[in-house]
Amino acid sequence: MTTRSETQTTLDHLLTEIEHRNPAQPEFHQAAHEVLETLAPVIAARPEYAEPGLVERLVEPERQVIFRVPWQDDQGRVRVNRGFRVEFNSALGPYKGGLRFHPSVNLGVIKFLGFEQIFKNALTGLGIGGGKGGSDFDPHGRSDAEVMRFCQSFMTELYRHIGEHTDVPAGDIGVGGREIGYLFGQYRRITNRWEAGVLTGKGQGWGGSLIRPEATGYGNVLFAAAMLRERGEDLEGQTAVVSGSGNVAIYTIEKLTALGANAVTCSDSSGYVVDEKGIDLDLLKQIKEVERGRVDAYAERRGASARFVPGGRVWEVPADLALPSATQNELDEKDAETLIRNGVKAVSEGANMPTTPEAVHLLQKAGVAFGPGKAANAGGVAVSALEMAQNHARTAWSAERVEEELASIMTSIHTTCHDTAERYGAPGDYVTGANIAGFERVADAMLAQGVI
Ligand code: NDP
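Letter by letter, the sequence shown follows residues 0 to 451 in numbering that gives the first Met the number 0.
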């Protein structure tokens, strides 16, 4: 039997090899480190996981597609973007994971997101594999017609690789209900099939699930509440800082408010807003979802309780809870120090990998409850899987039923991560718990299905 330290040495070699084989992909390296650094105890305890090639297969995507996306802007000029779909692991079910449209998208970013997605999807307990895709297209400032032409061109290539039993994309940064609509329309036109289960996050009149837009934010708040309960506290009366002002941030604020907490911030790439009275969601939704404006407009229209801080980070606002809900690496070591100094009790990740490894380490060392994204934000993909189930059965569930299922899935993810961490000698460490529990489920399926 191999010891923990021998196993860790093998994993360290593998990490070095990953860096060599995947040059210039720092986000993917970061995600691989974050997972592999926590797996030694389970691999040392269960010899079948030490089988040569198992972890090596897990870190290599099953398939990666990169394609040209040409489209015409409103002036008739031809633009060329790059499209990606990384089909990372299908041991548990069809590849499942969102599409991101943002200028920062490249292969390394999509691979980090796809890798995280494998473990997140495993934690939901549902039958979904891991994948991710997107483009370096920037929807900001583009007309609806331009976004539609881009989506149609993107799907004209993507359709060959996806399908309800193969690969089921959804939204992510820059891809919301509008984009999913255009993508679905083009898929239907090319294939001449009403294949509702090929995309999730659809509109409610045509195959979308109730509570899917809310699911990621709601789920993250439920996860944060479960972490607080472990410490004998609840959300009532707690002050929360939330970053971002997109899909995840908006529904995080909505659920925090519904459960009696006071969410006092939101942000976008221009800066942040702090509102002592709590964020007015009707106003924020109007500015972000209807007008597609910037957060400074919120402060202008809200009155004396709110102010806009250009270029600042929400983490400087004192709070009991922090829920990063914008993008990767948005909360660093300095931010963690500020949060700790201000007495933060819990940090729960709505976004994917928003907290740098150094910041996670500091928060955990200071005794702050830390919910990693692959567990805390899994509610979105879980309800996407419920949307697939409804599409398959050609039925639609009530909002109450979906919300109950979401709550029960989030409770079960919390318990699984909590208990797994304890079982492997790391009580209270949700990062280790999430990585090991997700790994066990995928690894068992991969071992059973042979070397493929
Ligand atoms: P949206 O596009 O709806 O919103 C993203 C928000 O984050 C916007 O306010 C945006 O501001 C801000 N943001 C994005 N990139 C940056 C950046 N580089 N710097 C500063 N601000 C930035 O995306 P979502 O809310 O859907 O996604 C947010 C996060 O949650 C992502 O990490 C995503 O992967 C993760 N996630 C989303 C799920 C979902 O169901 N949608 C599921 C699980 C995780 P601006 O408009 O100025 O760019």
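For each residue, glycine too, the CB sits at the ideal point set by N, CA and C. What you are looking at is a predicted structure, and each value in this text was computed from that prediction instead of being measured.
Exercise. Mind checking I451: buried by the 16 CB within 10 Å criterion, or exposed?
Worked result: Counting other Cβ atoms within 10 Å of its Cβ, I451 stays below 16 and is therefore classed as exposed.
For this session: With a 10 Å radius around its C-beta and 16 neighbouring C-beta atoms as the bar for buried, classify R45 as buried or exposed.
Result: R45 is exposed by the Cβ-count criterion.
For this session: Give the straight-line distance between the Cα atoms of V77 and R141, rounded to the nearest whole angstrom.
Result: Taking the CA atoms as reference points, V77 sits about 14 Å from R141.
Exercise. For the segment 251–303, which segments carrying the beta strand (DSSP E) assignment without a break, of at least 3 residues, lie completely within its bounds, in sequence order?
Worked result: Taking 3 residues as the shortest admissible run, the segment 251–303 contains the following complete beta strand (DSSP E) segments, listed from N- to C-terminal end: 264–267 and 270–274.
Problem set entry | Every unbroken alpha helix (DSSP H) inside the segment 9–60 [4 residues or more] | Within the segment 9–60, the complete alpha helix (DSSP H) runs of at least 4 residues are 25–35, 39–44 and 53–57.
Exercise. Within the present structure, is the beta-carbon of Q203 separated from the nearest heavy atom of the ligand NDP by less than 7 Å?
Worked result: Answer for Q203: no, Cβ out of range of the ligand NDP.
Exercise. Which residue from G107, R56 and E86 puts its Cα closest to that of H28?
Worked result: The residue among G107, R56 and E86 with its C-alpha nearest the C-alpha of H28 is G107.
Exercise. From the DSSP output, which residues share a beta bridge with E213?
Worked result: Answer is none; E213 lacks a bridge partner.
Exercise. Does at least one heavy atom of the ligand NDP sit under 7 Å from the Cβ of G379?
Worked result: Yes, the Cβ of G379 comes within 7 Å of a heavy atom of the ligand NDP.
Problem set entry | Proximity to W314 [Cα-Cα], best of E213, N328, M387 and N191 | Nearest C-alpha to W314: N328.
Exercise. According to the Cβ coordinates, are A305 and V346 closer than 8 Å?
Worked result: Between A305 and V346, the gap from beta carbon to beta carbon reaches 8 Å or more.
Exercise. What is the C-beta distance between M387 and G372, in whole angstroms, given that I count them as a contact (C-beta under 8 Å)?
Worked result: M387 to G372, Cβ: 21 Å. No contact.
For this session: State the Cα-Cα distance for the pair F83 and G130, rounded to the nearest angstrom.
Result: If I take the Cα positions, the gap works out to 11 Å.
Exercise. Roughly how far, in whole angstroms, is the beta-carbon of A239 from the beta-carbon of A262, given that I think they are within contact range, below 8 Å?
Worked result: Between A239 and A262 a beta carbon distance of about 5 Å is seen, short of the 8 Å cut, so the two are scored as contacting.
Problem set entry | Residue nearest to Q237 in terms of C-alpha spacing, selected from G243, S244 and G259 | Q237 has its Cα closest to that of G259, out of G243, S244 and G259.
Exercise. Alpha carbon to alpha carbon, what distance is there between D73 and G310?
Worked result: For the pair G310 and D73, the Cα-to-Cα distance works out to about 31 Å.
Exercise. By DSSP, does Q71 sit in helix, in strand, or in coil?
Worked result: Here Q71 sits in strand by DSSP.
Problem set entry | From H32, L320, D137 and T354, residue whose alpha carbon lies closest to that of N434 | It is H32 whose Cα lies nearest to the Cα of N434.
For this session: Starting from the C-beta of Y217, find all residues in its chain whose C-beta is less than 7 Å away, skip the five residues before and the five after it, and write them out in chain order.
Result: Correct list, in chain order: Y250, K254, G378 and L405.
For this session: With hydrogens ignored, establish whether the beta-carbon of I172 is closer than 7 Å to any heavy atom of the ligand NDP.
Result: Because some heavy atom of the ligand NDP lies under 7 Å away, the Cβ of I172 counts as near it: yes.
Exercise. Exposed or buried, W70, counting other C-beta atoms within 10 Å across all chains shown (16 or more means buried)?
Worked result: Buried is the label assigned to W70, since at least 16 other Cβ atoms lie within 10 Å of its Cβ.
Problem set entry | Integer Cβ distance of F222 from A375, believed to fall under 8 Å | Confirmed, Cβ separation roughly 4 Å.
For this session: Can you grab the Cα-Cα spacing for the pair D443 / I412, in whole Å?
Result: The straight-line gap from Cα to Cα measures roughly 18 Å.
Exercise. Does DSSP classify K95 as helix, strand or coil?
Worked result: In this structure, DSSP gives K95 an extended state, which the three-state scheme calls strand.
For this session: Assess, as a yes-or-no matter, whether the segment 137–151 is touched by the segment 390–409 under the definition of 3 or more beta carbon pairs within less than 8 Å.
Result: The segment 137–151 and the segment 390–409 do not touch, with fewer than three beta-carbon pairs separated by less than 8 Å.
Exercise. When we look at the beta-carbon of G132 and count the other beta-carbons within 10 Å, is it buried (16 or more) or exposed?
Worked result: Answer is buried; the Cβ neighbour count reaches 16.
Exercise. Under the three-state reduction of DSSP, which class applies to D171: helix, strand or coil?
Worked result: It is a strand residue.
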